[in-house]
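Notes follow the structure.
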Amino acid sequence: MRALLSVSEKAGLVEFARGLTALNCELISTGGTAKALADAGLRVTAVSDVTGFPEMMDGRVKTLHPKIHGGILARRNESGDMAAIASQGITPIDVVVVNLYPFEETAKRPDATFEELIENIDIGGPSMIRAAAKNFRDVLVVVDPDDYPRVLEELRSASGPSAELRRGLMQRAFAHTAHYDDVIAKTMANRDQRRALRYGENPHQKAYALEPQSGRVPAWQVHQGKELSYTNLLDLDAAARIVREFTEPAAVVIKHTNPCGAATAQTIADAYVRARDADSLSAFGGIVGLNRALDEETARALTSTFIEAVIAPALEEKARPILAAKQNLRVATINVTPQLDSELVPKESRSFFAGTLVQDQDRVTEARDPWPRGDFPKLVTKRQPTKDEWQALRFAWRICAHVKSNAVIFTAADRTLAIGAGQMSRVDAVKVAVMKASGSLKGSVAASDAFFPFRDGLDEAAAAGATAVVQPGGSVRDAEVIAAADEHGMAMVFTGIRHFRH
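For the sequence shown, the tail end lands on 1545 under the working numbering, and the numbers increase by one without skipping.
Written out as structure tokens, the structure is:
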């Protein structure tokens, strides 16, 4: 008996090979599999010794040879087949143990390059599996380590492997290669696939979208409305990033990638109304993000005013006819639920004059759990935040990280009150926020995406009515800013983490 072993998943390999050797089975193998067997003290013949040709092209060519496929495909009850392989000095192969290059695992990695994907497309492996599966009456084909014990058990039996086992292994083999090819096809279909857009940020700019790799982002679906534009897509992305920071129902209204209102509530409909009403003037024609399914009540609230587009994790059936009444309203769904720290952090890129800049996507992981958490954030003032202020500070910090720098915002515990975005100085960011406020800021909290370089910004926040502040800290004038907070009777905490957004 002769067995060919060539696997990327080596769980249980050595024990299985020992069982085959005990049955006087000759082992032939390739590359890393042969080394693993030899290192375990097993006698193994290299495929190159069988074929008479060395592995070539960094292992791209090793098993694609008549002495391998002839040995697998020869039908034992066909005298012509057996005479053909005998004339060429080919020995039959009775067991083929193969699982494939880890293409699917590679495709799931956000940093996987196109060349890595190409090199993880197995050629010889599927060919051997399909050959063995085609000749399943004479050859056992094993693609799953979970099948090793049963295969050994039936090989040890006096009657040999059953027809039931052979047919079952054949079916699993074809399912294995079918899934493998399906993953490759879907990945390559989505890899750098260009989708033309009407234009870019302005009508004179040509634009297209590169569709993402399979496994890198959740499935995206557009359910109705006009074609999504370049700016729509940017705003929907900004909306999704914000609401996925929250586990409670959360909504945001976006204008030009900045939030003009964000809120949480017991229901997603209430969260949306609060977010919209935080700055109803700016919310007109905005982009909405939700972190719960878009239901009937929320659909009625959305269609009561003009918005361009909405993104949510799902769309309930009862909401569809309500939304359909607004034919131009773009409705998209994508998984925007919170991600765990253990999950892969997606990359983001943008061009600059000398090429492309790539970085990890920013996440506000330090605010995922309620504050305070031990000594974090660090209290730097004489007065501690109250329970309500702690809740508001955490809410403010999660929103502020997604506002263009320089950014200072004012919030309550569950909604934004005023947002100062994209200013050249931090004190101006405070002033813009105060100017934008639709009501009193008395009793609010303030968040700054980077440290206050001078006390003037802090003084302006106190004058506006803020009673507590969260900021990264780290300025050479931190002591001056802390003293100012104490003068105003404010509570202030430092996170030690900056969230610039350019």
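Glycine is no exception: its CB is placed at the ideal position from the N, C-alpha and C atoms.
Taking the DSSP output, what are the residues bridged to residue i?
i	result
Met1535	Val1512
Pro1302	Ile1297
Tyr1251	Ala1239
Arg1045	Glu1069
Ser1491	Val1451
Gln1264	Thr1376
Arg1458	Ala1306
Leu1183	Val1138
Ile1279	With the sequence shown as reference, residue 1279 is identified as Leu, and Ile is not the correct amino acid for it. Leu1279 pairs with nothing; no bridge assigned.
Ile1133	Looking at the DSSP assignment, Ile1133 forms no beta bridge with any residue, so it has no partner.
Thr1088	Ile1071
Ile1111	Answer is none; Ile1111 lacks a bridge partner.
Val1519	Its beta-bridge partners do not exist; DSSP assigns none.
Leu1337	Leu1358
Val1331	Val1296, Val1353
Near residue i, which residues of its chain fall below 7 Å by C-beta distance, leaving aside the five closest residues on each side in sequence?
i	result
Asn1555	Shown here, the chain extends from 1044 to 1545; a query on residue 1555 therefore has no answer.
Ala1239	Tyr1251
Val1495	In the sequence on display, residue 1495 carries Phe and not Val. Same-chain partners within the cutoff: Arg1469, Leu1501, Gln1514, Ser1518, Val1524.
Leu1198	Leu1066, Pro1204
Ile1540	Glu1409, Pro1515
Ser1385	The predicted model places Ser1385 with a pLDDT of 41, which falls under 50 and marks its position as unreliable, so this point remains unresolved.
Phe1537	Pro1420, Lys1421, Val1423, Gln1514, Pro1515, Gly1516
Thr1274	Glu1244
Leu1383	Its pLDDT being 44, under 50, Leu1383 is placed unreliably by the model, and the measurement read from it follows with that caveat. So no residue of the chain qualifies.
Val1286	Ala1293, Ala1294, Val1295, Gly1332, Leu1333, Asn1334, Val1379
Thr1220	Pro1169, Ile1172, Arg1173
Near residue i, what residues of its chain come up, given a Cβ to Cβ distance below 8 Å and the 5 sequence neighbours on each side ignored?
i	result
Gln1427	Ala1534
Pro1356	Leu1333, Asn1334, Arg1335, Ala1336, Thr1376, Ile1377, Asn1378, Val1379, Thr1380
Glu1503	Val1470, Val1473, Lys1474, Val1477
Arg1544	Asp1405, Ala1444, His1445, Val1446, Lys1447, Ser1448, Ala1450, Asp1492
Phe1289	Thr1307, Asn1334, Pro1381, Arg1441
Ser1072	Leu1047, Leu1048, Ser1049, Leu1080, Val1087, Thr1088, Ala1089, Val1090
Asp1499	Val1470
Pro1413	Trp1433, Gln1434, Arg1437
Asp1033	Residue coverage of the chain in this structure runs from 1044 to 1545, which leaves residue 1033 outside it and unanswerable.
Asp1431	Ala1456
Met1467	Asn1449
Val1226	Phe1146, Glu1147, Ala1150, Ser1257
Assuming contact is defined by CB atoms lying nearer than 9 Å, are residue i and residue j in contact in what I supplied?
i	j	result
Leu1076	Val1093	First, the amino acid is wrong: residue 1076 is Thr here, not Leu. Cβ atoms of Thr1076 and Val1093: not closer than 9 Å.
Ile1350	Ala1368	no
Trp1440	Ala1490	yes
Ala1528	Ala1505	yes
Gly1486	Val1475	no
Cys1068	Ala1083	no
Lys1298	Asp1278	yes
Ile1172	Val1184	yes
Phe1059	Tyr1242	no
Val1265	Arg1373	yes
Ala1176	Ala1216	yes
Gly1596	Pro1135	Because the chain in this structure spans residues 1044 to 1545, residue 1596 falls outside the shown range and cannot be described.
Ala1461	Leu1484	yes
Thr1310	Glu1340	yes
Leu1195	Leu1063	yes
Phe1453	Ala1509	yes
Asp1187	Asn1120	no
Asn1371	Gly1268	yes
Glu1391	Val1401	yes
Ser1170	Leu1107	yes
Thr1348	Ser1323	yes
Short of 6 Å in beta carbon distance, which residues of its chain neighbour residue i, apart from the five on each side in sequence? Order them along the chain.
i	result
Ala1321	Gly1304, Arg1458, Thr1459
Leu1331	Residue identity check: residue 1331 is Val in the sequence provided, not Leu. Once the five neighbours on either side are set aside, the close Cβ partners of Val1331 are Val1296, Ile1350, Val1353.
Tyr1116	It should be pointed out that residue 1116 corresponds to Leu in this sequence rather than to Tyr. The residues are Ala1174, Asn1178.
Met1044	Cys1068, Asp1137
Arg1118	Asp1124
Ala1034	The structure shown does not extend to residue 1034, since the chain is modelled only from 1044 through 1545, so no value can be given for it.
Ala1344	Ala1312, Tyr1315, Val1316
Ala1282	Val1295, Ile1297, Ile1330, Gly1332, Ile1354
Val1140	Leu1048, Val1185
Leu1271	Arg1373
Ile1133	Lys1110, Gly1113, Gly1114
Asp1181	Arg1119
Arg1193	none
Original post:
Do the segment 1316-1326 and the segment 1353-1369 touch if we need at least three Cβ pairs shorter than 8 Å?
Top reply: no
**OP:** Note down, one range per segment and in chain order, each beta strand (DSSP E) of at least 3 residues found wholly within the segment 1341-1429.
**Re:** 1350-1355, 1373-1377, 1390-1395, 1398-1403
**OP:** Specify whether the segment 1046-1065 and the segment 1125-1132 touch according to this definition: at least 3 beta carbon pairs, one from each stretch, less than 8 Å apart.
**Re:** no
Original post:
Pairing CB atoms from the segment 1295-1304 with CB atoms from the segment 1437-1457, are three or more of them under 8 Å?
Top reply: yes
Subject >> 3 or more residues per run - each beta strand (DSSP E) lying fully within the segment 1149-1231 >> reply: 1183-1185
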